[in-house]
Amino acid sequence: MTPEEAKFILEARRPDGSDDADPQMAEALAVATNHPEIRQWLADQNEFDMLVAGKLSGVSAPARLRERIVAGRRVGRSRSWWSMRRVLPLAAAIALLLSIGAVWFRSSGDNSVAAFGAHAEKFIHEKWDHQFDLPESDLGRIGDWVAKQDGPAPVDVPSGVAGSKMYGCKLYEWNGHKATLVCFSAADGGTIHLVVTRREGVSNPPGASPVHFSHGDFHMAAWSRGNRVYVALTSSPRAELEKVL
Amino acid sequence: MDDLVERFYEPLYRFAYSLAGAEHHAEDLTQETFYLWAEKGSQLRDASKVKSWLFTTLYREFLGSRRRETRHPIQPLDESMDQIPASVTDSARALDATSIMSALLRVEETYRVPLTLFYLQELSYREIAELIDAPIGTVMSRLSRGKEQLRRLVADGAAAHESNIISLPPRAASA
Chain A
1 MTPEEAKFIL
11 EARRPDGSDD
21 ADPQMAEALA
31 VATNHPEIRQ
41 WLADQNEFDM
51 LVAGKLSGVS
61 APARLRERIV
71 AGRRVGRSRS
81 WWSMRRVLPL
91 AAAIALLLSI
101 GAVWFRSSGD
111 NSVAAFGAHA
121 EKFIHEKWDH
131 QFDLPESDLG
141 RIGDWVAKQD
151 GPAPVDVPSG
161 VAGSKMYGCK
171 LYEWNGHKAT
181 LVCFSAADGG
191 TIHLVVTRRE
201 GVSNPPGASP
211 VHFSHGDFHM
221 AAWSRGNRVY
231 VALTSSPRAE
241 LEKVL
Chain B
1001 MDDLVERFYE
1011 PLYRFAYSLA
1021 GAEHHAEDLT
1031 QETFYLWAEK
1041 GSQLRDASKV
1051 KSWLFTTLYR
1061 EFLGSRRRET
1071 RHPIQPLDES
1081 MDQIPASVTD
1091 SARALDATSI
1101 MSALLRVEET
1111 YRVPLTLFYL
1121 QELSYREIAE
1131 LIDAPIGTVM
1141 SRLSRGKEQL
1151 RRLVADGAAA
1161 HESNIISLPP
1171 RAASA
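Chains A and B are the protein sequences, given in the same order.
Quick note on the working numbering: the first sequence kicks off at 1 and runs consecutively.
Quick note on the working numbering: the second sequence kicks off at 1001 and runs consecutively.
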């Protein structure tokens, strides 16, 4: 190995020495040891590389990132719903859901509760980056935070929902109206998404008793309470929705 | 999984940042990598390959996301810059982490990818070659060219720093 070849190889030597056992690197190091000029060059290289590596390790990830990864992983289970093998059946389910919803709620306008539910499903699977505006496990604190943002806070929710393990919330817009998405754990380990909007944004708000939709493995339930319209969505069995509503 | 997140989310984020040049994009890439691990990681039979899998997946996600976005040209390096001063190590010492990252972001992407992985010290040159799907000799050559560019930029950055010149921010999410 010539000195020039050794230099070329040693450029790829990590400054912490973790490549030194590599046969090619060991041979290059041996050349450097016996060649004063290369030895000095290597010392200079190493000093610069150690400095840069050290400075680079000082670039910190945002504090929220780890929390979001862990929280998002749980919510991320729902992403598997949207695997390619399920795209077509799910699209068919949504189309059917919309038609059923339109009849069920005797409305065909875009502001129907069925459209609100369908939009929520689309938002969750296609538009949302799965990052919460507020990763938070306490529904009360979620409600307080949403209210401060002038969003529709999830208030007066069924006790089964309130007692579930929350992951966080996300504010978004639906047909010019504010909406809130809250994600929480279903008893079977899946995820239930609850979307909330104000009653004035829905042309046919449902009654206080949840109305269920079901098609394949995708379920929704809609109800109203006070000035709020709620839709719960999940790919867990319908029984999981019924447990919390 | 939590241990895996704890161990790798920061180096993955740094790698993502060096690729994307924007904090939010780097966060997305890091998060997406762990989503994919949660979905597909169980298919990996060799546990020693986890680290390579994570970095490779993040890199592929970056390439995929870039194909979906408008490309922004990066300001090319002026190859006719002055000779690298002998005191470039002192220049590097004078710069903070953000300035070093800014300099790294101005290295041409071809060289920046292996160079960042090199400085993160998580992968060997052989593993880097697998990640970018290039021969080992090519990786060594790119590391050499990348270091040369970085040294010039560090020297340049330090000079600007000393002259109280405000450096332009690096261009984001680029190729």
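C-beta atoms are modelled at their ideal positions from N, C-alpha and C, and glycine is treated no differently.
Values in this document were obtained by computation on a predicted structure and should not be read as measured data.
Near residue i, which residues of its chain fall below 7 angstroms by C-beta distance, leaving aside the five closest residues on each side in sequence?
i	result
residue 1034 of chain B	1005
residue 1009 of chain B	1030
residue 26 of chain A	20
residue 243 of chain A	160 and 187
residue 1126 of chain B	1136
residue 32 of chain A	6, 10, 38, 39 and 42
residue 156 of chain A	225 and 226
residue 77 of chain A	Only weak support exists for where residue 77 of chain A lies, its pLDDT of 40 falling under 50; the coordinates are left without a value.
residue 1112 of chain B	1018, 1104 and 1146
residue 35 of chain A	3
Using the C-alpha atoms, what's the distance from residue j back to residue i?
i	j	result
residue 128 of chain A	residue 111 of chain A	21 angstroms
residue 175 of chain A	residue 1129 of chain B	49 angstroms
residue 114 of chain A	residue 180 of chain A	16 angstroms
residue 133 of chain A	residue 149 of chain A	11 angstroms
residue 1141 of chain B	residue 1087 of chain B	24 angstroms
residue 137 of chain A	residue 191 of chain A	14 angstroms
residue 119 of chain A	residue 231 of chain A	11 angstroms
residue 139 of chain A	residue 1062 of chain B	35 angstroms
residue 1183 of chain B	residue 1036 of chain B	Residue 1183 of chain B cannot be examined here, being either before or after the span of chain B that is shown, 1001 to 1175.
residue 189 of chain A	residue 206 of chain A	28 angstroms
residue 1109 of chain B	residue 61 of chain A	21 angstroms
residue 1174 of chain B	residue 1066 of chain B	With a pLDDT of only 38 at residue 1174 of chain B, under 50, the local geometry of the prediction cannot be trusted, and the value read off the model is given with reservation. Those two C-alpha atoms are separated by around 8 angstroms.
residue 201 of chain A	residue 1011 of chain B	45 angstroms
residue 1007 of chain B	residue 1050 of chain B	11 angstroms
residue 253 of chain A	residue 222 of chain A	Nothing about residue 253 of chain A can be reported from this structure: the residues present for chain A run from 1 to 245 only.
residue 1157 of chain B	residue 1101 of chain B	11 angstroms
residue 204 of chain A	residue 198 of chain A	12 angstroms
residue 1147 of chain B	residue 47 of chain A	13 angstroms
residue 1145 of chain B	residue 1152 of chain B	11 angstroms
residue 116 of chain A	residue 184 of chain A	19 angstroms
residue 1046 of chain B	residue 1054 of chain B	13 angstroms
residue 210 of chain A	residue 194 of chain A	13 angstroms
residue 168 of chain A	residue 28 of chain A	54 angstroms
Going by DSSP, what residue range makes up the beta strand (DSSP E) through residue i?
i	result
residue 173 of chain A	166-174
residue 14 of chain A	That residue, residue 14 of chain A, is in no beta strand (DSSP E); it is neither H nor E in DSSP.
residue 191 of chain A	191-198
Excluding five sequence neighbours on each side, which residues of the same chain lie with their C-beta closer than 6 angstroms to the C-beta of residue i?
i	result
residue 1026 of chain B	1013, 1016, 1017 and 1020
residue 12 of chain A	none
residue 1056 of chain B	1131
residue 219 of chain A	234, 238 and 241
residue 1139 of chain B	1114, 1125, 1128 and 1129
residue 310 of chain A	Any question about residue 310 of chain A goes unanswered here, given that chain A covers just 1 to 245.
residue 236 of chain A	186, 188 and 190
residue 84 of chain A	Annotation note: pLDDT 38 at residue 84 of chain A (below 50); position unreliable, no value reported.
For the alpha helix (DSSP H) holding residue i, just list the boundary residues, first then last.
i	result
residue 116 of chain A	113-122
residue 180 of chain A	Looking at the DSSP string, residue 180 of chain A is not in any alpha helix (DSSP H); the run it does join, the beta strand (DSSP E), is 177-185.
residue 1116 of chain B	1109-1120
residue 1024 of chain B	1023-1040
residue 1098 of chain B	1097-1105
residue 32 of chain A	23-33
residue 244 of chain A	238-244
residue 42 of chain A	36-56
residue 1045 of chain B	Neither: residue 1045 of chain B is in no alpha helix (DSSP H) and is coded neither H nor E.
residue 1089 of chain B	1088-1094
Could you work out which residues of chain A lie near residue i, taking near to mean beta carbons separated by less than 9 angstroms?
i	result
residue 1139 of chain B	12
Please list, in chain order, the chain A residues whose beta carbon lies closer than 8 angstroms to that of residue i.
i	result
residue 1017 of chain B	59
residue 1124 of chain B	14, 18, 19 and 22
residue 1149 of chain B	In chain order: nothing, as chain A lies at least about 12 angstroms away.
So which residues on chain A does residue i lean against when the C-beta distance must stay under 7 angstroms?
i	result
residue 1153 of chain B	Ordered by position in chain A, no residue passes the 7 angstroms Cβ test against residue 1153 of chain B, which lies about 11 angstroms from the chain.
residue 1093 of chain B	51
residue 1132 of chain B	Neighbours of residue 1132 of chain B on chain A: none; closest Cβ ~13 angstroms, over 7 angstroms.
Spatial neighbours of residue i within its chain, please: CB distance less than 8 angstroms, with the 5 preceding and 5 following residues excluded, ordered by chain position.
i	result
residue 1150 of chain B	1103, 1104, 1107 and 1115
residue 58 of chain A	none
residue 173 of chain A	179
residue 144 of chain A	153
Since residue i meets chain B, which of its residues come closer than 7 angstroms, beta carbon to beta carbon?
i	result
residue 62 of chain A	1023 and 1027
residue 47 of chain A	1089
Using a C-beta to C-beta distance shorter than 8 angstroms, which residues of chain B count as neighbours of residue i?
i	result
residue 44 of chain A	1089
residue 9 of chain A	1140
residue 69 of chain A	1005, 1009, 1030, 1031 and 1034
residue 66 of chain A	1005, 1006 and 1009
Can you find a C-beta in chain E that's less than 8 angstroms from the C-beta of residue i?
i	result
residue 1026 of chain B	Chain labels in this structure do not include chain E; the protein chains are A and B.
Taking only beta carbons into account, state which residues of the segment 1043-1068 of chain B come closer than 7 angstroms to chain A, listed in chain order. none
Closer than 9 angstroms, Cβ to Cβ, to anything on chain B: give me those residues from the segment 13-32 of chain A, in chain order. 13, 14, 15, 16, 18, 19, 22, 24 and 25
Of the residues that make up the segment 105-136 of chain A, which ones have a beta carbon closer than 9 angstroms to any beta carbon in chain B? Hits within the stretch, in order: 129, 130 and 131.
Which of the residues in the segment 151-174 of chain A, read from start to end, lie with their CB under 8 angstroms from any CB of chain B? none
Just by C-beta distance, which residues in the segment 176-198 of chain A are closer than 9 angstroms to chain B? none
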